[in-house]
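**Student:**
In our numbering, the protein residues as written are 411 to 601.
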């Protein structure tokens with residue numbers, strides 16, 4: 411059977427997505443379908459929480475295996491949808507931004523027969539813009555702010571010569587060296 415989920419956000423009342431996915435798929439497959447449907451990057455932490463009708467968080471299904479701890483979490487790749495959600499109107503919270511405690515609210519709206527013409531999972535309905543994936547404390551999108559700088563996060567903005575010219579390391583009595591970003595001169599360490 412195919413589970414039909416409606417996803418909504420408390421940040422944008424015009425946003426909704428409908429995702430159809432096999433009951434035998436894992437929560438990891440559901441996670442990937444949500445990323446695709448919302449055009450989210452696959453570089454952020456996320457968890458599902460099985461929920462009740464009041465949207466209280468229950469069992470957590472994590473993106474990564476947390477090891478042998480006592481948290482009681484289950485990795486998404488080991489959790490089939492049908493093992494946790496069996497009734498129409500079952501609810502699950504998809505937390506995609508842990509720093510700002512932001513989530514999508516997913517309701518199992520229907521259980522339908524598989525359509526041989528469709529490849530699952532599929533986003534069968536899309537309305538409105540999804541919420542921003544990450545935000546800072548002021549409600550601004552981290553990724554957009556960083557992208558506006560035009561700086562690649564892996565770029566070293568200054569060469570060693572620039573660092574010497576700008577006076578980097580003067581307070582340590584030496585010039586910037588080429589050995590791991592340390593400062594030469596004026597220290598008693600053996601290399």
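Think of the CB as a built atom: it goes at the ideal place given N, C-alpha and C, for glycine as much as any other residue.
(1) According to the neighbour-count rule (16 or more other Cβ atoms, all chains shown, within 10 Å of its Cβ), is residue 453 buried or exposed?
(2) When burial is assigned at 16 or more other CB atoms within 10 Å of the CB, is residue 557 buried or exposed?
(3) If you drop the 5 nearest sequence neighbours on each side, which residues of the same chain put their C-beta closer than 7 Å to that of residue 500?
(4) With 16 as the cutoff for other CB atoms within 10 Å, does residue 430 come out buried or exposed?
(5) On the CB-based measure, 16 or more other CB atoms within 10 Å of its CB, does residue 437 come out buried or exposed?
(6) DSSP has residue 506 in a bridge; who is on the other side?
(7) Of the choices 439, 542, 422, whose alpha-carbon is the least far from that of residue 509?
(8) Does the beta carbon of residue 485 fall short of 8 Å from some heavy atom of the ligand FMN?
(9) With a CB to CB cut of under 8 Å and the five nearest residues on each side skipped, what residues in its chain are close to residue 446?
(10) Taking all protein chains shown into account, decide if residue 555 is buried (16 or more other Cβ within 10 angstroms of its Cβ) or exposed.
(11) Please classify residue 450: does DSSP put it in a helix, a strand, or coil?
(12) Rounded to whole angstroms, what's the CA-CA distance from residue 473 to residue 432? Just pull it up for me.
(13) Are residue 540 and residue 419 touching if we call contact CB-CB under 9 Å?
(14) In terms of DSSP beta bridges, what is residue 419 paired with?
(15) Who are the near neighbours of residue 538 in its chain, counting only those whose CB is closer than 7 Å to its CB and skipping five residues on each side?
(16) Would you list the one or two residues that DSSP bridges to residue 471?
(17) Identify, in the order they occur along the chain, each residue of the same chain with its Cβ nearer than 6 Å to the Cβ of residue 457, setting aside the five sequence neighbours on each side.
**Tutor:** In this structure, then:
(1) exposed
(2) The pLDDT assigned to residue 557 is 48, lower than 50, so where the model puts this residue is not dependable, and the model offers no usable value.
(3) 518
(4) buried
(5) buried
(6) Bridge partners of residue 506: none, in fact.
(7) It is 542 whose Cα lies nearest to the Cα of residue 509.
(8) Ligands in the displayed structure: none, and consequently the ligand FMN is not present.
(9) 533
(10) The predicted position of residue 555 is uncertain, since its pLDDT is 44 and thus under 50; a value taken from the coordinates is nonetheless stated next. Exposed: under 16 other Cβ atoms inside 10 Å.
(11) It is coil, neither helix nor strand.
(12) 19 Å
(13) yes
(14) 514
(15) 422, 424, 425, 426
(16) 458, 484
(17) 470, 472, 505
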